[in-house]
DNA sequence: ACCTGAACACCGTTCAAGT
DNA sequence: ACCTGAACACCGTTCAAGT
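Protein chains in written order, with the working numbering: chain G, 79 to 279; chain P, 79 to 279.
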């Protein structure tokens, strides 16, 4: 006993815990079964297979990202604030990003913020296809940035990358030698992109 | 016989072929050994293990990306052209992007283009830390975009994503319903980012 | 220096059988 | 409707033994 009846939610919860603590590669059907105190095969009845289990995990997490309340006085400022919120929320689930990416669910990750972004782009005076393109540009930018950034974190040695070229610009060489300030680079990038996109020329 | 002596390069070549034809997940040590006509364990002598084999594959491919010759009259135009070249080269190796990413080698992918980018940013009048930041912003943008884009291609059903919200902008709703024109979105994004970054204000 | 087969410790998944 | 154990078809890797 001690196991009244296995539910799909229980499977998902336990799986989510395993992922949170040891990463997605540690989530094997057999370990999960052990954790749940059931036979491996029981899991299959509830979630189909490993792939759809991970899919479900990603979807649940993305759905839980919460609401997006922008701050700032101009639409551009508010877009930047939305980007920062989305980045922070995604980074709060360290494994989500890679998991969603590996499962082809990257796009899902920026859907929660889309509505809020549309509102700001509208406020800036863009409509129709032009507005949609601006929203998509920001979405690709934010999610792409977070993907690259997360990747750098778990990157290996981070070799100096044969910094042979001198560039005739010592300050630039020093800047490249320093580690990247990601928050700063992110804000600079999003601000630069947004400024151009929201210009009504 | 028929196998005079196994070399590291031969292992890498055959592995690269397997990946090109069937994707990285099809590259198992056992299949590779069968393809090579050797014992599985021989491979280990030459390349260490599966992980470093894939690392070597990524590095070799990235090193083969070739030179970057920008076109255009203004630095901004030339930066955009560099971004397009890099994107095209990366997309020419469909599995490279995901492989590099999964291995924490994402950063490697944009090193070949860095030197050329620095030149243009210098030509635009930026120096030092400011120039380095502009280069990095473009690099993150390009690689992030390609990551997101590649991911969308192998994405599942591409569910309409509960397009419940009406937005009060039918043209925008239609734009979101249409598939993304990625080349166009890419150029728009890079151009927008570059324009702001290269402004000397 | 290079190659081998056997063995270990894992996987995900299927399926017939149980209650 | 739900759970089980046994079995299948894979993996990557190690290691002692060969030449």
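Every residue, glycine too, gets a C-beta built ideally from N, C-alpha and C.
Values in this document were obtained by computation on a predicted structure and should not be read as measured data.
Report buried or exposed for residue 133 of chain G, applying the criterion of at least 16 other Cβ atoms within 10 angstroms of its Cβ.
-> buried
With distances taken Cα to Cα, identify the nearest neighbour of residue 261 of chain G among G:161, G:130, G:141, G:108.
-> G:161
Minimum C-alpha distance to residue 144 of chain G - residue among G:193, G:269, G:110, G:221 | G:193
Taking 9 Å as the cut-off, decide whether the C-beta atoms of residue 178 of chain P and residue 186 of chain P are in contact.
-> yes
Within 10 angstroms of the Cβ of residue 267 of chain G, are there 16 or more other Cβ atoms? Answer buried if so, exposed if not.
-> buried
Residues of chain P with a CB under 9 Å from the CB of residue 130 of chain G: which are they?
-> Simply none; closest approach about 11 Å.
Looking only at C-alpha atoms, which of G:181, G:110, G:154 sits nearest to residue 97 of chain G?
-> When C-alpha distances from residue 97 of chain G are compared across G:181, G:110, G:154, the shortest belongs to G:110.
For residue 199 of chain P, I'd like the list of residues in its chain whose CB is within less than 6 Å of its CB, leaving aside the five on either flank, ordered along the chain.
-> The residues are 209, 212, 213.
Spell out whether any CB of chain G is found under 9 Å from the CB atom of residue 258 of chain P.
-> Output row for residue 258 of chain P: interface = yes.
Report buried or exposed for residue 100 of chain P, applying the criterion of at least 16 other Cβ atoms within 10 angstroms of its Cβ.
-> exposed
Pull up the CB-CB distance for residue 190 of chain G and residue 140 of chain G, whole angstroms please, since I reckon it's below 8 Å.
-> 7 Å
Minimum C-alpha distance to residue 93 of chain G - residue among G:142, G:126, G:166, G:135 = G:135
If you draw a straight line from the alpha carbon of residue 107 of chain P to that of residue 269 of chain P, how long is it in whole angstroms?
-> Using only the alpha carbons, I get a separation of about 44 Å.
Alpha helix (DSSP H) runs wholly inside the stretch 116–182 of chain P, at least 4 long, in chain order = 118–125, 128–141, 153–169, 172–180
Residue 267 of chain G - DSSP class collapsed to helix/strand/coil = helix
Report yes if the C-beta distance between residue 205 of chain P and residue 249 of chain G is below 9 Å; otherwise report no.
-> At the C-beta level, residue 205 of chain P and residue 249 of chain G come within 9 Å of one another.
Interface positions of the stretch 143–172 of chain P facing chain G (Cβ-Cβ less than 8 Å), listed along the chain = none
According to a CB-to-CB cut-off of less than 7 Å, which residues of the stretch 201–234 of chain G neighbour chain P?
-> 205, 206, 207, 209, 210, 211, 214, 215, 218, 219, 221, 222, 223, 225, 226, 229, 230, 232, 233, 234
My understanding is that residue 216 of chain G touches residue 131 of chain G, with C-beta atoms under 8 Å, so please give their C-beta distance in whole angstroms.
-> Incorrect: roughly 32 Å between the Cβ atoms, too far for contact.
Residue-level contact to chain G via CB, residue 79 of chain P, 9 Å cutoff | Its pLDDT being 42, under 50, residue 79 of chain P is placed unreliably in this model, and the value from its coordinates should be taken loosely. Residue 79 of chain P does not count as touching chain G.
Simplified DSSP assignment, three categories, for residue 276 of chain P | Helix.
Taking the CB atoms as reference points, tell me whether residue 156 of chain G and residue 201 of chain G lie closer together than 9 Å.
-> yes
Starting from residue 206 of chain G, follow the alpha helix (DSSP H) in both directions and report where the run begins and ends.
-> 206–231
Distance, Cα to Cα, residue 125 of chain G vs residue 105 of chain G?
-> 14 Å
List the residues of chain G whose Cβ lies closer than 8 Å to the Cβ of residue 97 of chain P, in chain order.
-> Here the premise fails: no neighbours, minimum Cβ distance about 17 Å.
Give the DSSP-derived three-state secondary structure of residue 189 of chain G in the structure shown.
-> helix
Where residue 87 of chain G sits in the DSSP three-state scheme = helix
Taking 9 Å as the cut-off, decide whether the C-beta atoms of residue 276 of chain P and residue 154 of chain P are in contact.
-> Yes, these two residues count as a Cβ contact at 9 Å.
Can you say whether residue 203 of chain G is buried or exposed, counting buried as having 16 or more other CB atoms within 10 angstroms of its CB?
-> exposed
For residue 196 of chain P and residue 188 of chain P, the rounded distance between their alpha carbons | 12 Å
Which chain G residues are close to residue 261 of chain P, counting only those with a beta carbon under 8 Å from its beta carbon?
-> Taking the beta carbon of residue 261 of chain P as reference, no residue of chain G falls within 8 Å; the closest one sits roughly 13 Å away.
Which chain P residues are close to residue 273 of chain G, counting only those with a beta carbon under 7 Å from its beta carbon?
-> 274
For residue 245 of chain G, decide whether its Cβ has a neighbour in chain P, counting only Cβ atoms nearer than 9 Å.
-> yes
Check residue 98 of chain G in the structure and name its three-state DSSP category.
-> helix
Please list, in chain order, all residues of the same chain as residue 84 of chain G whose beta carbon is under 7 Å from its beta carbon, the five residues on each side excluded.
-> 114, 116, 120, 124
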